[in-house]
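*Asks:* Everything in the sequence shown is counted per the numbering used here, starting at 8 for the first residue and increasing by one. Note that the Cβ used here is the ideal one computed from N, Cα and C, for glycine as well. I'd like to ask you about the structure that follows.
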Amino acid sequence: MNPNNITSKYYNLVSSPLKGIDVTDEEIGLINRLVPNGSNILDVGAGTGRHSLILSKLGFNVTAIDSSRPMLNELKIRDDKKLINVINKNIYKFNTTDKFDLITLFWNSFNEIALTKNNALLLLKNLKRLLKPNGQILINIDDSSSIDPAAFNFETIKFDGELKYKMKWTTSKYFAKTNTSVSREEVEIYKGDKLLDSRVTFIKQRYWSFSEIELLCQICNLKVENYSLKTSNELYLVLTTLSK
Ligand SMILES: C[S@@+](CC[C@H](N)C(=O)[O-])C[C@H]1O[C@@H](n2cnc3c(N)ncnc32)[C@H](O)[C@@H]1O
């Protein structure tokens, strides 16, 4: 089972103090620099649709894919005009003749999906096949050189009406050799002092550095460029095809 299923219902609220609910203006600016409006975008690991929802409303033709049905259910609730083509599938099993101008993997989707070097290579090769000529892949991940994946711990608190949503994220296991962690995500919902709901899940991630992505890209014949955004200390890597 996809571990995100357990906390999906609260994802938008508990992650909003950290990430906001939607894509940032600077992220939209970057996408507008990369592709013209109306382009076909595949949002991989789209989750609750933080990016898919805004991009579809702006006029992009968005396909959102995620292996967690409950995460996509949250997206569908907010996609009132049914603008998004929603696919509940493991990206490794996604087969289509559709081709995309831009494939996005926002907020560590790449880290959750590509847990090993072999997986990362397979993923990049599969995504490359889904690109139109001159298509691009945008990978947004935490910059592992600016955080400590071995002890990446934080808490968020969000108030919504009478309810308080608490999230505690702690590294529960860390494997230095592969820079892989298992993080414990605990979500608690309170009304006053009364605990209404509590959920715990464990999310596995492989932290990829810029130089590792560069190496993967070399093997896959992709060129990689690092776009730094003023409002974020994360990596925004744009991959383009060097050869067919
Ligand atoms: C950290 S969340 C990011 C969600 C969203 N992109 C955002 O920025 O809020 C990673 C997402 O990747 C999805 N995911 C993990 N493995 C996947 C796979 N093999 N295929 C498709 N989606 C996957 C998870 O279900 C989760 O929704």
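1) Are the region 51-60 and the region 80-96 touching by the rule of at least three beta carbon pairs closer than 8 Å?
2) Answer yes or no: do T163 and V21 have a C-beta to C-beta separation smaller than 8 Å?
3) Nearest-angstrom Cα distance between V30 and K184?
4) Tell me which residue opens and which closes the beta strand (DSSP E) that K171 is part of.
5) Using a Cβ-Cβ cutoff of less than 6 Å, which residues in the same chain neighbour T247 once the five nearest sequence positions on both sides are dropped?
6) Give a yes or no on whether the minimum CB-CB distance between F107 and chain B is below 8 Å.
7) Only counting the same chain, and skipping five residues up and downstream in sequence, which positions put a Cβ closer than 7 Å to that of T14?
8) Please report the straight-line C-alpha distance between L112 and M174, rounded to a whole angstrom.
9) In angstroms with no decimal places, state the Cα-to-Cα distance between N141 and D108.
10) Can the beta-carbon of L65 be found closer than 8 Å to that of Y243?
11) In whole angstroms, what is the alpha-carbon distance linking Y99 and G199?
12) Just to confirm, are D86 and N115 a CB contact at a threshold of 8 Å?
13) For ligand 1, any of its heavy atoms closer than 7 Å to the Cβ of E192?
*Replies:* On the basis of the data shown:
1) yes
2) yes
3) 33 Å
4) 170-182
5) Q143, K230
6) Looking for chain B here will not work: only one protein chain is present.
7) E192, V194, R206, T208
8) 23 Å
9) 7 Å
10) no
11) 44 Å
12) no
13) no
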